[in-house]
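2 protein chains.
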Amino acid sequence: MTKLASPASAELAASLRGAVMKLSRRLRSQRVDESLGLSPLLALATIELREPLSPSALAQFEQLRPSSLTRVIATLEERGFIERQRNPDDGRQTVLTTTQAGRDIVRAERERRQEWLAHMIDSLTEEERAQLSAVLPVLRRLGSAE
Amino acid sequence: MTKLASPASAELAASLRGAVMKLSRRLRSQRVDESLGLSPLLALATIELREPLSPSALAQFEQLRPSSLTRVIATLEERGFIERQRNPDDGRQTVLTTTQAGRDIVRAERERRQEWLAHMIDSLTEEERAQLSAVLPVLRRLGSAE
DNA sequence: TATTGTTATACTCTATAACTATA
DNA sequence: TATAGTTATAGAGTATAACAATA
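Line by line, the protein sequences give chains A and B.
Okay, so the first sequence: first residue is 1 according to our numbering, each after it adds one.
Okay, so the second sequence: first residue is 1001 according to our numbering, each after it adds one.
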């Protein structure tokens, strides 16, 4: 807490912050399925990846408060993309699983190659794609650090 | 529009999307000055960089609708960080400039080395910082593409 | 008519606090 | 008491549509 970051890191931080905020705005507006928000889509992808899991486990993976996910989960259930079941062993817990429709939409989204971002990435040079690929773990770490 | 992106790009896009969204959430919550939102702060930084400029020019740089900036600009003015002046040559236009207080806060924010993200970056390896640095122009391009 | 900017309104995302049900 | 989840509420950020003022 007390140690200072280097000037170089501070500079890098400022640039990265701007770039990430702009890109995230783009991603929100440029998503493929207009009827489903980006947040439910990301949550659905996580459920598909880790199912079965509880809402609080999902919140942990998504790094959100459970209460922030209640609506998201309700939306996904109403749309028929996931199912909620009581855990018989512990009545407090709910277990989330994807439906076929949910898996389909996750796959469709994943494979949607004409997707805006994929196109953008496709127009990069080979070297730039390699750079992007290389830096992804770093971005993930920054995003998931405590 | 019709050409398909490669599978590799689609995959990269999905990963990047997740990473960027998470990091942007982190940035929103982890910012330094709690009293000023991130969006006004970013706008202020742009004004400081390009002043004098009009609200619509700012909207273009920030890639937002002018109406989305009206509140942001009002906030910055109320706080005494910027000034609004009528353009004498064209009564429709307003010209934005920073005040000393505005420049101070931009500089303070920039130099705030104990900032969360700078610290995170500081804890990366030298190689990871180099990777991050190298990929920044690419991220910026992705975020600012039409 | 076209441009600049604002207002009104609504939607998405996320948070905190208080609550219910279960353990 | 402690945990899982929900509800109520609030605030930030952004968009669209309709408007006023100016050119």
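Idealized CB from N, CA, C, for every residue including glycine.
No experiment lies behind these values; they were computed from the predicted model shown.
Quiz item: According to the Cβ coordinates, are VAL106 of chain A and GLU62 of chain A closer than 7 Å?
Solution: Within the first sequence, numbered from 1, the residue matching residue 106 of chain A stands at position 106. Within the first sequence, numbered from 1, the residue matching residue 62 of chain A stands at position 62. Cβ distance not < 7 Å, so VAL106 of chain A and GLU62 of chain A don't count as in contact.
Quiz item: To the nearest angstrom, how far is it from the Cα of THR98 of chain A to the Cα of VAL1020 of chain B?
Solution: Counted from its first residue, the first sequence places residue 98 of chain A at position 98. Counted from its first residue, the second sequence places residue 1020 of chain B at position 20. C-alpha separation (whole angstroms): 24 Å.
Exercise. Quick one: list the residues of chain B neighbouring ARG50 of chain A, beta-carbon separation under 9 Å, in chain order.
Key: Within the first sequence, the letter at position 50 stands for residue 50 of chain A. What ARG50 of chain A touches in chain B: nothing, since even the nearest Cβ is about 13 Å away.
Quiz item: Can you tell which of B:ARG1028, B:ALA1014 and B:SER1029 has its C-alpha closest to the C-alpha of LEU27 of chain A?
Solution: Position 27 of the first sequence, counting from 1, holds the residue named residue 27 of chain A. The option with the nearest alpha carbon to LEU27 of chain A is B:ALA1014.
Exercise. Give the interface partners of GLU128 of chain A over in chain B, defined as CB-CB distance under 7 Å, in chain order.
Key: For the purposes of this step, residue 128 of chain A is taken as residue 128 along the first sequence, with counting starting at 1. Within chain B, the residues near GLU128 of chain A are VAL1138.
Practice problem: Note down, in chain order, each residue of its chain lying with its Cβ closer than 8 Å to the Cβ of THR1002 of chain B, except the 5 sequence neighbours on either side. | Solution: Counting from 1 along the second sequence, the entry for residue 1002 of chain B is found at position 2. Unreliable positioning characterises THR1002 of chain B in this predicted model, as indicated by a pLDDT of 47, which lies under 50. The coordinate reading is nonetheless provided below. Correct list: empty, nothing qualifies.
Quiz prompt | Cβ contact (3+ pairs, closer than 8 Å) linking the segment 117 to 135 of chain A and the segment 88 to 102 of chain A | solution = no
Exercise. Quick one: using the 10 Å Cβ neighbour count with 16 as the cut-off for buried, is GLU1109 of chain B buried or exposed?
Key: For this step, residue 1109 of chain B is matched to residue 109 along the second sequence. Its Cβ being crowded by 16 or more others within 10 Å, GLU1109 of chain B is buried.
Self-check item: Candidates B:LEU1023, B:SER1123 and B:ASP1033, of which the one nearest ASP1104 of chain B by Cα
Solution: Taking the second sequence and counting its residues from 1, one reaches residue 1104 of chain B at position 104. Of the candidates B:LEU1023, B:SER1123 and B:ASP1033, the one whose C-alpha sits nearest the C-alpha of ASP1104 of chain B is B:ASP1033.
Quiz item: Which whole-angstrom value describes the C-beta separation of ILE1121 of chain B and ALA74 of chain A, a residue pair presumed to lie in contact below a C-beta threshold of 8 Å?
Solution: Counting from one through the second sequence, the residue named residue 1121 of chain B turns up at place 121. Counting from one through the first sequence, the residue named residue 74 of chain A turns up at place 74. About 37 Å separates the two Cβ atoms, so there is no contact after all.
Quiz item: Is DSSP giving LEU1053 of chain B helix, strand or coil here?
Solution: Translated into the one-based positions of the second sequence, residue 1053 of chain B becomes position 53. Residue state, collapsed to three classes: strand.
Quiz item: Taking GLU1051 of chain B as the reference, which of B:GLN1085, B:GLU1128, B:SER1123 and B:ASP1089 has the closest Cα?
Solution: Here residue 1051 of chain B refers to the residue found at position 51 when the second sequence is read from its first residue. When only C-alpha atoms are compared, the closest one is B:GLN1085.
Self-check item: As assigned by DSSP and simplified to three states, the class of LEU36 of chain A
Solution: Indexing the first sequence from 1 puts residue 36 of chain A at position 36. Coil at LEU36 of chain A, not helix or strand.
Exercise. Report yes if the C-beta of VAL106 of chain A is less than 6 Å from at least one heavy atom of the ligand MG; otherwise report no.
Key: Among the components of this structure there are no ligands whatsoever, and the ligand MG is therefore not found.
Exercise. Can you grab the Cα-Cα spacing for the pair SER144 of chain A / ARG1065 of chain B, in whole Å?
Key: Mapped onto the first sequence, residue 144 of chain A falls at position 144. Mapped onto the second sequence, residue 1065 of chain B falls at position 65. So the two alpha carbons sit approximately 31 Å from each other.
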